[in-house]
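Undergrad:
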Amino acid sequence: MAGMNGSIKRSNDPKCTPADMLRRLVCCNNALSFLIEAHDGLSAAIAGRAGFEGIWASGLSIASALGYRDANEASWTQVVDVVERIVDTCDRPVLVDGDSGFGNFNSARLLAQKLHQRGAAGVALQDSCFPKMNSLIGDRHRLADVSEFSGRLRAVKDTVAEDFVLVARVEALIAGQPMESALLRASAYADAGADAILIHSRRSTADEILSFAKSWDNRLPLVIVPTKYHKTPSSTFRDAQIAAVIWANQPLRASIAAIRSVCERIAADEGVVGIDPQIAPLEEIFELLDYSELANAESKYQPMSS
Numbered sequence: 003m004a005g006m007n008g009s010i011k012r013s014n015d016p017k018c019t020p021a022d023m024l025r026r027l028v029c030c031n032n033a034l035s036f037l038i039e040a041h042d043g044l045s046a047a048i049a050g051r052a053g054f055e056g057i058w059a060s061g062l063s064i065a066s067a068l069g070y071r072d073a074n075e076a077s078w079t080q081v082v083d084v085v086e087r088i089v090d091t092c093d094r095p096v097l098v099d100g101d102s103g104f105g106n107f108n109s110a111r112l113l114a115q116k117l118h119q120r121g122a123a124g125v126a127l128q129d130s131c132f133p134k135m136n137s138l139i140g141d142r143h144r145l146a147d148v149s150e151f152s153g154r155l156r157a158v159k160d161t162v163a164e165d166f167v168l169v170a171r172v173e174a175l176i177a178g179q180p181m182e183s184a185l186l187r188a189s190a191y192a193d194a195g196a197d198a199i200l201i202h203s204r205r206s207t208a209d210e211i212l213s214f215a216k217s218w219d220n221r222l223p224l225v226i227v228p229t230k231y232h233k234t235p236s237s238t239f240r241d242a243q244i245a246a247v248i249w250a251n252q253p254l255r256a257s258i259a260a261i262r263s264v265c266e267r268i269a270a271d272e273g274v275v276g277i278d279p280q281i282a283p284l285e286e287i288f289e290l291l292d293y294s295e296l297a298n299a300e301s302k303y304q305p306m307s308s
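For reference, each letter of the sequence shown is one residue, going 3 to 308 in our numbering.
Pasting the structure below:
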């Protein structure tokens, strides 16, 4: 996987912000980049250790981990709180799935401002009406008016620091609209100040995405989420000059499968002897969350009483 050598780790240069790192990754990089989903601090730590260059704070995964449906049932403040934990446990830039901005221009700019304050590197906003429904379920995908959504984007750009990355997510193909509509929307969002375009499709092949990329002709960097067309090789995306691929939900789905399997096995065996060798040792948790730092700090700041 290109770029999996840790070259986009958090810089020691105080002038290099998380947004700078994300911008280099998505907007100023000739190679195809890969971001992966995280839904809490622990999953972010694991993703960072695996070598991914950036983290996608997934709306679906965060909502699901909180026990909500991906239909704006989790509040924006709950999302922001989770993002803070993701940022604090991982040294990679975090791009946040901001759904539609949780309302109008005012809620969108407030969301972006708070995400920036918590250390996020950027936000992706989709041109859906609030409340939105997950893109891969059902047919209830009402799109916002182009000029109204463009106003949301401009409000974010005018409110948050200039380096904060704004990705405009086009849902026209999800809503069953023609390619021309998707291109017109992307053009309007580029004019409104978006730094990159996320073009989304739920077809099982990448045909729609590749057709869009060809017509778009690199006006702005393109980001994709190949959840449904996951069998497409990455070389195809490189050839199409896609800027970044987001694996948007695989860690959450893997955890569901693993937890279900372990719970069923423990319930059936009425014990854990059979599964203990197959699960992560406690020491891995201690290492991931850097318990050794706490011990060192304790010896420095809290000496033993005489």
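For each residue, glycine too, the CB sits at the ideal point set by N, CA and C. Keep in mind that this is a model prediction, so the values were computed, not measured.
1) Taking 8 Å as the threshold, find out whether the segment 223-230 comes into contact with the segment 192-211 through three or more Cβ pairs.
2) Could you work out which residue in H232, S263, R240 is closest to Q252 when comparing CA atoms only?
3) Can you grab the Cα-Cα spacing for the pair L24 / G124, in whole Å?
4) Determine the direct distance from the alpha carbon of N106 to that of V167, and round the result to whole angstroms.
5) Rounded to whole angstroms, what's the CA-CA distance from A47 to L290? Just pull it up for me.
6) Beta carbon of V169, beta carbon of A184: below 8 Å?
7) Would you kindly check if the distance between the Cβ of R204 and the Cβ of S137 is under 8 Å?
8) State the start and end residues of the unbroken beta strand (DSSP E) segment that holds D99.
9) Between T238 and the rest of its own chain, which residues show a CB-CB distance below 8 Å, the 5 nearest in sequence each way excluded?
10) What does a CB cutoff of less than 6 Å around A65 pick up in its chain, not counting 5 residues either side in sequence?
11) Using the Cβ count rule (16 or more neighbours within 10 Å means buried), how would you classify D99?
12) On a CA-only basis, which of V264, A269, A270 is nearest P279? Give me that one, please.
13) Counting Cβ pairs, one atom from each stretch, are 3 or more of them under 8 Å apart for the segment 79-91 and the segment 113-128?
14) Considering Q252, what are the terminal residues of the alpha helix (DSSP H) in which it resides?
15) Do you know how far the Cα of R94 is from the Cα of K11?
16) Taking C-alpha atoms, which residue in F36, I176, A114, V247 lies nearest to R144?
17) Ignoring anything shorter than 3 residues, give me the beta strand (DSSP E) runs that lie fully in the segment 186-235, in order along the chain.
18) Does the segment 150-161 touch the segment 39-55, meaning 3 or more C-beta pairs lie closer than 8 Å?
TA: By the coordinates alone:
1) yes
2) H232
3) 7 Å
4) 19 Å
5) 6 Å
6) no
7) yes
8) 96-99
9) A208, L212
10) D72, A76
11) buried
12) V264
13) yes
14) 252-271
15) In this prediction, K11 scores a pLDDT of 45, lower than 50, which makes its location untrustworthy; the coordinate-derived value is nonetheless stated afterwards. Roughly 5 Å separates the two Cα atoms.
16) I176
17) 198-201, 224-226
18) no
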